[in-house]
């Protein structure tokens, strides 16, 4: 167990990793609600995408602090993409 945790925290900022692990709990719960319902629930889809955007945004900040510029730009682009998709999901909810 200790080697598993060492691999997770190796060359990473521990605070960001802990927050990302905390984000994984609602991601798992919301994806269970999203994928088990028979009809499409745009609210759950939108919430899932906003949480994923926060996850990727944290990864981008962490990579900027660790001086990994290329991966941080990709992380920020993915975060913006997830936010835009979430906005579209919430717009479908309002119709």
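Residue numbers (my numbering): 339 to 433. Ideal placement from N, C-alpha and C gives every residue a C-beta, glycine not left out. Model, not experiment: these values are computed from the prediction.
Suppose you measure from the CA of residue i to the CA of residue j; what does that come to, to the nearest Å?
i           : j           : result
residue 427 : residue 406 : 32 Å
residue 375 : residue 393 : 24 Å
residue 429 : residue 382 : 13 Å
residue 344 : residue 413 : 23 Å
residue 385 : residue 356 : 20 Å
residue 424 : residue 391 : 9 Å
residue 351 : residue 415 : 21 Å
residue 377 : residue 387 : 18 Å
residue 411 : residue 380 : 28 Å
Pull up the CB-CB distance for residue i and residue j, whole angstroms please, since I reckon it's below 8 Å.
i           : j           : result
residue 396 : residue 358 : 6 Å
residue 361 : residue 389 : 6 Å
residue 400 : residue 354 : 4 Å
For the alpha helix (DSSP H) that contains residue i, what are its first and last residues?
i           : result
residue 356 : 352-374
residue 386 : 380-403
Looking at C-beta atoms only, is the number of pairs between the stretch 408-422 and the stretch 361-372 that lie closer than 8 Å three or more? Because the criterion of three Cβ pairs below 8 Å is not met, the stretch 408-422 and the stretch 361-372 do not touch.
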